[in-house]
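These notes are about the structure you will find just below.
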Amino acid sequence: MQKEPYVKNYLSEHYGSDSYRTLEGYEDAGGFAGIKKALSLAPEEVTEAVKASGLRGRGGAGFATGLKWSFMPKTSDRMKVIVVNGDESEPGSFKDRMIMERGPFQILEGILIGAWAMGARRTFVYVRGEYKEPIRALEAAVAEMGAKKYLGKACFGKKGFEHDIVIHSGAGAYICGEETGLLESLEGKKGQPRKKPPFPAEYGAFGLPTTVNNVETFAHVPFILEKGVEWFRARGTAKSPGTTLFGVSGHVERPGLFELPLGTPLREILGLAGGMRGGRRLKGVMPGGLSMPVLPPSELDVGMAEELLAPKGSHLGTGGVMVMDETTCMVRVACVTSYFFRDESCGQCTQCREGTGWVHKLCERIEQGRGTAADLALLDDIPSLMEGQTICAFADAAAWPIQGLLKHFRADFEAHIHEKKCPFSESFEL
Amino acid sequence: MKAETRAQIEALFERYPAKRGALLPAIYLAQAEKGFVDADATRELARLFELAPVEVYEVLSFYNMFYTEPQGRHHVYVCTNVPCSLRGARSLLRGLEAYLGVHAGETTKDGRVTLGHEECLGSCGTAPVLRIDGEYHEDVDFSDARRLVDGLK
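Each protein sequence line maps, in turn, to chains A and B.
Numbering-wise, the working numbering puts 501 at position 409 of the first sequence, and it's gapless, one number per residue.
Numbering-wise, the working numbering puts 151 at position 123 of the second sequence, and it's gapless, one number per residue.
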């Protein structure tokens with residue numbers, strides 16, 4: 093199990109306690125107040141509360157959760173389904189694992205609130221296959237809730253409110269974090285994303301009306317119901333309320349998780365992480381997981397919320413903050429990054445399948461000192477031909493970090509070409 | 029395929045609105061028998077799911093955690109994505125390659141260990157991470173890694 097967060101707030105307050113992972117301990121800590129409150133309201137009132145809270149999805153795209161819930165058909169003779177995205181695979185992101193391991197009942201309670209609001213009959217929680225411990229924690233939690241009749245027929249004694257939760261293990265594929273890739277995978281197929289429309293609310297898992305939310309998104313929902321919209325909006329920014337678990341990794345003294353309000357300055361987060369390892373100087377930070385463009389040290393005062401990061405040329409993504417010190421060769425970072433996207437491209441769209449391969453080959457060639465000015469020009473060109481051209485956002489995610497590295501650290505690439513070798517002798521080994 | 033495995037697979041069907049939803053969990057069950065899914069098991073899965081064998085195979089070959097070739101008795105994986113690389117994962121992998129006398133992706137001659145590298149495992153705050161037979165070992169250095177590998181029979 094992962095070590096608990098260094099900085100806690102409402103979500104992670106009890107993550108240090110083993111009993112919080114048991115139904116009894118969760119109830120003792122005040123758990124299930126949110127679902128009880130929700131069941132005293134009409135379903136549409138619950139959706140309205142989530143809308144009014146301004147909660148945005150915590151899986152990377154930041155879509156308004158209440159609005160998404162309202163897309164589910166109000167009346168339908170088909171079974172409605174919730175799918176929870178626990179496929180956390182974004183390099184630099186490790187928060188969902190924490191929530192699943194140490195707060196599984198928060199997620200399940202949030203699901204039930206969503207099920208009541210949307211009239212969903214069944215939930216599938218799709219967890220990446222490597223996450224054995226989170227799967228164990230969630231399965232144990234579902235079993236306890238079933239035994240207590242909090243799931244199944246008449247959940248929490250509410251007549252007519254039936255819901256079941258299935259924990260489903262993925263099998264190792266980054267693309268299954270993309271919501272329609274995930275749906276294909278859940279159906280027992282290759283995880284190749286679908287063209288949209290139709291959107292999942294109309295044609296989702298097994299062709300049924302479906303809402304897909306990230307695990308952290310559901311974990312916030314009980315607090316909104318229990319403590320109220322105003323309480324929630326008092327945290328974070330007006331456009332991005334609430335907290336998130338920022339994950340800090342790389343060259344800091346104290347890597348780990350920090351639950352802080354959205355909008356917290358990046359500089360403050362790096363300070364909480366103990367500053368730079370060994371007193372070295374900062375070279376660059378990827379603020380939102382590997383898919384998001386790198387920021388230079390001059391941008392450290394930016395607040396960590398999507399509306400504040402976007403004008404700086406990056407994005408919040410999953411809040412996975414990767415810190416790189418002055419020893420780091422940014423061409424090596426580009427090599428590792430482009431290898432990853434080449435390896436994980438599902439191969440459906442030409443721009444992505446071919447583009448990720450070309451980008452990786454060019455990065456390797458430059459790193460090995462065999463690159464030319466023409467290679468650098470190609471590296472400028474190819475990502476721009478990938479973004480916005482494909483079925484899903486994977487090609488954008490593959491293009492953006494390369495574009496960010498070229499924008500802010502072009503000198504690193506040029507130095508390799510001029511010196512015909514990697515000039516960063518102290519950089520991490522490739 | 030053992031009758032017991034078949035029964036476990038059939039019991040999964042009702043959890044999904046369409047039987048095929050149970051295919052990934054079923055492959056895990058089939059794989060547990062020998063550590064990989066051979067052609068016979070692929071055909072048996074196809075029969076159970078009313079699919080063509082190639083439809084099962086394309087799923088098998090899409091996912092990293094399914095194997096269609098014999099594996100070592102133990103899997104040792106090192107995460108080599110950016111956050112782990114920044115904290116020395118690639119030096120650790122090179123060290124293990126030298127120690128075991130195999131490259132990543134290969135199995136030791138005695139069939140004891142299959143060594144590999146993996147993409148991000150969600151252990152970036154406790155990097156570098158090893159995944160040995162499915163369990164995480166976090167914030168490890170080379171001497172930890174060697175001790176863990178020595179403990180594998």
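Quick reminder that beta carbons are idealized off the backbone N, C-alpha and C, glycines included.
Taking each of B/Ala46, B/His145, B/Pro156, B/Ala74 in turn and checking the Cα distance to B/Asn92, the smallest one comes out for B/His145. Considering only beta carbons, the part of the region 109 to 125 of chain B lying closer than 8 Å to chain A consists of Asn109, Val110, Pro111, Ser113, Leu114, Arg115, Gly116, Arg118, Ser119, Arg122, in chain order.
In terms of beta-carbon proximity, A/Ser341 lines the interface with chain B, with at least one pair separated by less than 7 Å.
Every beta strand (DSSP E) of 3 residues or more that sits fully in the region 353 to 384 of chain A is shown, in chain order, as 374 to 378. In the DSSP assignment, A/Leu401 falls within the unbroken alpha helix (DSSP H) covering 398 to 401.
A/Tyr295 carries a coil assignment under DSSP once its states are collapsed to helix, strand and coil. Between A/Tyr112 and A/His106 a beta carbon distance of about 4 Å is seen, short of the 8 Å cut, so the two are scored as contacting. The DSSP-derived three-state label of B/His102 is strand.
B/Leu114 sits away from A/Glu222, with the two beta carbons spaced by 7 Å or more.
Comparing C-alpha distances from A/Pro292 to each of A/Leu275, A/Gly283, A/Lys281, A/Lys166 shows the shortest one belongs to A/Leu275.
Of all residues in the region 275 to 287 of chain A, those with a C-beta nearer than 8 Å to a C-beta of chain B are Ser277, Leu278, Glu279, Gly280, Lys281, Lys282, Gly283, reading in chain order. Here A/Glu351 is bridged, per DSSP, to A/Leu337. With contacts defined by Cβ atoms closer than 7 Å, B/Pro156 and B/Ala117 form a contacting pair. Following the DSSP letters along the chain, one finds A/Tyr218 inside the beta strand (DSSP E) bounded by residues 214 to 219. Interface criterion met: the Cβ of B/Leu52 is under 7 Å from a Cβ in chain A. Sequence-distant partners of A/Val344 (beyond 5 residues in either direction) whose C-beta falls short of 8 Å from its own C-beta, in its chain, are Leu362, Ala365, Gly366, Gly367, Met368, Arg369, Val415.
Assignment of B/Thr136 by DSSP, reduced to helix, strand and coil, places it in the coil class. Within the same chain, Cβ atoms closer than 6 Å to the Cβ of A/Phe516 are found at Cys421, the five residues on either side in sequence being excluded. Under the DSSP assignment, A/Leu468 falls in the alpha helix (DSSP H) whose first and last residues are 465 to 478.
Under the three-state reduction of DSSP, A/Cys438 is assigned to coil, being neither helix nor strand.
Look at the region 228 to 281 of chain A and you find these whole runs of beta strand (DSSP E), each 3 residues long or longer: 256 to 261.
An exposed status is given to A/Asp435, since fewer than 16 other beta-carbon atoms sit within 10 Å of its beta-carbon.
A contact between stretches requires three or more CB pairs, one per stretch, nearer than 8 Å, and the region 172 to 192 of chain A meets this requirement with the region 214 to 233 of chain A. According to the DSSP assignment, B/Tyr164 belongs to the beta strand (DSSP E) that extends over 163 to 166. For B/Leu124, the secondary structure class from DSSP, reduced to helix, strand or coil, is helix. DSSP places A/His407 outside both helix and strand once states are collapsed to three, so it counts as coil. Taking the Cβ atoms as the reference, A/Leu147 lies roughly 17 Å from A/Thr356, outside the contact range of under 8 Å. Between A/Thr336 and A/Arg150, the C-beta spacing is below 7 Å. Taken atom to atom, the span from the alpha-carbon of B/Leu180 to that of B/Arg140 is near 8 Å.
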